[in-house]
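>
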Amino acid sequence: MIRTCIHRKLVRVATAVAAALATTSVISGCLSAEEAAFKAQSRETLSIAAGAGSVTRISVVNEVGDVEVRSDPSTEEVRAELVRTGRGPTPEEAESALKELVVSLAPASNEPGTVLATMSRPPKPVKGRHYSVDWRIVAPAGVQLEVTTNVGDISAEGFTGGVVLKSDVGDISASGIAGGIEAQTQVGDMTLSGSGPVTARSDVGDISIRAFVRADQGVTATSNVGDIVLWLPNDWIGNLVAKCNVGDVRVSLPRASMSDVVSKNSFFAAVIGTGNGGIELKSDVGDISVHTASGDSAAGSGAGE
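The sequence shown begins at 1 in this note's numbering and counts up one residue at a time.
(1) Going by C-alpha to C-alpha distance, which of Arg210, Lys127, Val60 sits closest to asparagine 234?
(2) CA-CA distance, glycine 286 and valine 187?
(3) If we call anything under 9 Å between Cβ atoms a contact, is valine 290 one with alanine 242?
(4) If threonine 85 sits next to serine 132, beta carbons under 8 Å apart, how far is it from one beta carbon to the other, in whole angstroms?
(5) Hey, phenylalanine 237 and isoleucine 288: beta-carbon distance below 9 Å or not?
(6) Identify whether glycine 286 lies in helix, strand or coil by the three-state DSSP scheme.
(7) Is the beta carbon of leucine 240 closer than 9 Å to that of phenylalanine 268?
(8) Taking the C-alpha atoms as reference points, what is the distance between valine 261 and valine 251?
(9) Can you tell me whether alanine 94 is helix, strand or coil according to DSSP?
(10) List the whole-angstrom C-beta distance separating serine 54 from phenylalanine 159, where the pair is believed to meet the contact cut-off of C-beta under 8 Å.
(11) Tell me the DSSP secondary structure of lysine 127 in three-state form.
(12) In the DSSP output, which residue or residues are listed as bridge partners for valine 198?
(13) Tell me which same chain residues have a C-beta within less than 7 Å of the C-beta of glycine 122, skipping the five on either side of it?
(14) Enumerate in chain order the residues of its own chain whose CB-to-CB distance from glycine 161 is below 6 Å, with the five nearest sequence positions on each side excluded.
(15) In terms of residues, what are the limits of the beta strand (DSSP E) holding lysine 264?
(16) According to DSSP, what are the bridge partners of glutamine 144?
(17) Please report the distance separating the alpha-carbon of proline 89 from that of lysine 39.
(18) Please work out which residues of its chain come closer than 6 Å, Cβ to Cβ, to aspartate 189, disregarding the five sequence neighbours upstream and downstream, and give them in chain order.
(19) So who's on the other strand from valine 213, going by DSSP bridges?
(20) For glutamate 63, name the three-state secondary structure that DSSP assigns.
(21) Out of Asp216, Val225, Phe212, Arg129, which has the shortest C-alpha to C-alpha gap to leucine 232?
(22) Please report how far the alpha carbon of leucine 21 lies from the alpha carbon of glycine 226, in whole angstroms.
(23) Check for me: the beta strand (DSSP E) holding glutamate 44 runs from which residue to which?
(24) Give the straight-line distance between the Cα atoms of arginine 57 and alanine 215, rounded to the nearest whole angstrom.
(25) So, for aspartate 134: in the same chain, excluding its five sequence neighbours on each side, which residues have a beta-carbon less than 7 Å away from its beta-carbon?
(26) How many angstroms separate the CA atom of serine 155 from the CA atom of glycine 113?
(27) Going by alpha carbons, who is nearest to glycine 128 out of Ala270, Ile228, Arg87, Ala108?
(28) Under 8 Å Cβ to Cβ from proline 91, same chain only, skipping five residues before and after it: list those, please.
(29) Taking the DSSP output, what are the residues bridged to serine 155?
(30) Give every residue of the same chain whose Cβ lies closer than 7 Å to the Cβ of threonine 191, excluding the five residues on either side of it in the sequence, and list them in chain order.
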């Protein structure tokens, strides 16, 4: 029976690793093959603004390119500096691609208070043409922020209305966020810091979270292949569960306030104080570690001790 369980676990892990490697290989191969064909590029830098005095939400929908969004408490409008790029096998094709690439920063017609930042290209582009937009956006600190891009890194800084950040292929970073963080990427690392509940998922990539959560708030982090590191406030209370299929779990939190502790090499569960918050950390292949925000480890002990 034990051998059967171990065998099943190894099969699941091998499947997860194979899928992750296949995904990364296919994506890298496609991008490399396409980039090799882009012998020419045409680029344009633009500055645009929208939504003075009435912005409560920003939605950025990009296809290819990095998106950087930071807050400015002194502004009441959304400002963007962006670089749009058309690529192709010849300078003429690259220039044509640039002309086909449309960007927009404007209030949403059916959502008062919402500003939309979008890029669009022909639904059936000419073979060999490629389009990308890199955004640098400055916005009021109190807005709700949502960013989605297919291929590209995302960074957000200093927002108090919460953020939702999604990239199929790319790293995600968020700092100085209040109101909660939701982040998701298929291939990429995450570095997240802020107050409020946090939900993070990466199919292939490491996740690092510095969460200043209240006793009634929690953190959920999942990675198929990658390490997870979490820093918590010294006084956080609630239920904590951390587990991985292949890897070690180490929890460096004061044990004096813990009850119902279950500790193994790849699993840790405990009730800390009397709070209603919940923390759930899962990695199929990767290590998990939990620390206090100050980095204290004096009373902590690794799982399995």
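Note that CB positions come from ideal geometry on N, CA and C, so glycine has one too. Remember, predicted model here, so these are calculated numbers, not experimental data.
Reading from the atomic positions:
(1) Arg210
(2) 15 Å
(3) yes
(4) 5 Å
(5) Rather than phenylalanine, the amino acid found at residue 237 in this sequence is isoleucine. It is not a contact, given that the beta carbons lie outside the stated cut-off.
(6) coil
(7) yes
(8) 11 Å
(9) helix
(10) About 17 Å; that fails the 8 Å criterion.
(11) coil
(12) Ile181, Val219
(13) Note on identity: in this sequence residue 122 is proline, with glycine being the wrong assignment. Cβ within range, chain order: Glu100.
(14) Gly142, Val143, Gln144, Gly179
(15) 258 to 264
(16) Arg57
(17) 5 Å
(18) Asp171, Gly205, Asp206
(19) DSSP lists no partner for valine 213.
(20) strand
(21) Phe212
(22) Confidence at leucine 21 is low in this model, with a pLDDT of 49, below 50, so its placement is unreliable and the value that follows should be read with caution. So the two alpha carbons sit approximately 12 Å from each other.
(23) 40 to 50
(24) 28 Å
(25) Gly65, Asp66, Leu82, Val83
(26) 22 Å
(27) Arg87
(28) Ala40, Ser42
(29) Glu68, Ser173
(30) Ser173, Ser208
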